Amino acid sequence: MPKTVHVDLGERGYDIRIGCLLADGLAVRWPRHTRLLLLSDANVDRLYGQTCEDALRGQGYEVTREVVPAGEQSKQLDTVRDLYSHALREGLDRSSVLVSLGGGVVGDLGGYVAATLLRGIGFVQIPTSLLAMVDSSVGGKTGVNLPEGKNLVGSFYQPREVLADLATLITLPEAEYRSGLAEVVKYGVIWDAVLFGLIEENTARLLDRDPTILEKIVARCCEIKAEVVALDERESGVRAILNFGHTFGHALEQVVGYGDWLHGEAVSVGMVYAAELSVACKGFAPADRDRVRALLNRLGLPVMTSTRNPGLRWDAVREAMRRDKKTVRARTRFVLAEQVGSVVFGCEVEEDALAGAAAAVMAER
2 MPKTVHVDLG ERGYDIRIGC LLADGLAVRW PRHTRLLLLS DANVDRLYGQ
52 TCEDALRGQG YEVTREVVPA GEQSKQLDTV RDLYSHALRE GLDRSSVLVS
102 LGGGVVGDLG GYVAATLLRG IGFVQIPTSL LAMVDSSVGG KTGVNLPEGK
152 NLVGSFYQPR EVLADLATLI TLPEAEYRSG LAEVVKYGVI WDAVLFGLIE
202 ENTARLLDRD PTILEKIVAR CCEIKAEVVA LDERESGVRA ILNFGHTFGH
252 ALEQVVGYGD WLHGEAVSVG MVYAAELSVA CKGFAPADRD RVRALLNRLG
302 LPVMTSTRNP GLRWDAVREA MRRDKKTVRA RTRFVLAEQV GSVVFGCEVE
352 EDALAGAAAA VMAER
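Everything in the sequence shown is counted per my numbering, starting at 2 for the first residue and increasing by one.
See below:
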């Protein structure tokens, strides 16, 4: 029986269903004979595209399928234009639904297309990566990248439903799976010290992809994100805490080239950076900083840039951080931790502290 988490946004509210859904034929809840655009990437389509299409057709839906190349290179405006053309050629109208089957790239891309095509069509997320299940598929953020930075073009557009099939995690490549665990750790740091402790106690089971502990932790992460989004749908306040570790992480992705680091890998280093800043600026206990770093390391996630890019320069990362969406009047704002389970947002930090924290994650130790 799927576990359900509700995102309470009034008339824009929706359910997140967590379980083995494709095997049960999806059992979706939309009007029959709706025309659907099923969007996936080449990797996920090969594994689940036909199964998902057959399940949808079996319930009476008209389905057209489109596949984009896997990876961040698809998350661009040229791909958006191609998807508009495909949708219109296939006769989609304002009653149609775009279904994103895949990870965060396909979810962000499909959501932006759904939000803007014909001024908005229906949108459903079927996340197949851990990162997408606990983070990017929930909350309505959509967008694509520009050469100047990540997610600089986008919109807030809530899905009608999120269907998280835990069975798809079995085929997820190891690096992609561990990348998702970074976002899981983030929820413990920003909101729930009990969750953080649960992750510490169950590292081996998580790495083994134990379905029982996964269902519990994925559901809790979705509950946390649902609570935060319900408080602040458009990130004008508390929702900013979801960006813990992302300011440095997004800058790292941009400087080294999108795709060289997986998103969760970059966020992992970004969380270590934010923890170092938190010690310097918010009284975060050094022992808790070390807990964060140690847990990420035990999960097989990077905690230093030098393990992969030993020649990376701080001034290049700092310049990329200045273009972050959270920068206001040329001052970059950070989410910093006061203790595990509690963070503050909108923090301005002096340049010497920024450089000092960078030395801790960019130099050999």
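Think of the CB as a built atom: it goes at the ideal place given N, C-alpha and C, for glycine as much as any other residue. This one's a predicted model, so the numbers in the text were calculated from it and none came from an experiment.
Three or more C-beta pairs below 8 Å linking the region 52 to 60 and the region 108 to 119: no
Entirely enclosed beta strand (DSSP E) segments - the region 246 to 325, minimum 3 residues: none
Looking at the strands, I want to know which residues DSSP matches up with Tyr188. Looking at the DSSP assignment, Tyr188 forms no beta bridge with any residue, so it has no partner.
Is it buried or exposed for Glu12, if we count other Cβ within 10 angstroms and need 16 for buried? exposed
Is it a yes or a no for the region 314 to 324 touching the region 260 to 270, going by three-plus beta-carbon pairs under 8 Å? Contact between the region 314 to 324 and the region 260 to 270 is absent, because fewer than three Cβ pairs lie under 8 Å.
Would Ala133 and Gly104 qualify as a contact pair, given that the criterion is a beta-carbon distance under 8 Å? yes
For the pair the region 294 to 304 and the region 224 to 242, tell me if three or more CB-CB distances fall below 8 Å. no
Could you check what DSSP says for Cys21 in three-state terms: helix, strand or coil? Coil at Cys21, not helix or strand.
Could you check if His251 is buried or exposed, using at least 16 other CB atoms within 10 Å of its CB as the buried criterion? buried
Check whether the Cβ atoms of Ile225 and Leu296 lie closer than 8 Å to each other. no
Can you check which of these residues, Leu99, Gly59, Leu48, Glu73, is closest to Thr65 by C-alpha distance? Closest option to Thr65, Cα to Cα, is Leu99.
Drop a sphere of 10 angstroms on the beta-carbon of Met2, count the other beta-carbons inside from all chains shown, and report buried for 16 or more, exposed for fewer. exposed
Could you give the DSSP three-state label for Asp16: helix, strand or coil? strand
Note down, in chain order, each residue of its chain lying with its Cβ closer than 8 Å to the Cβ of Val256, except the 5 sequence neighbours on either side. Leu313, Ala317, Val318, Ala321
In DSSP terms, what Arg36 is bridged to: Glu63
If you count every other CB in all the chains shown that lies within 10 Å of the CB of Thr213, and 16 or more means buried, which is it? exposed
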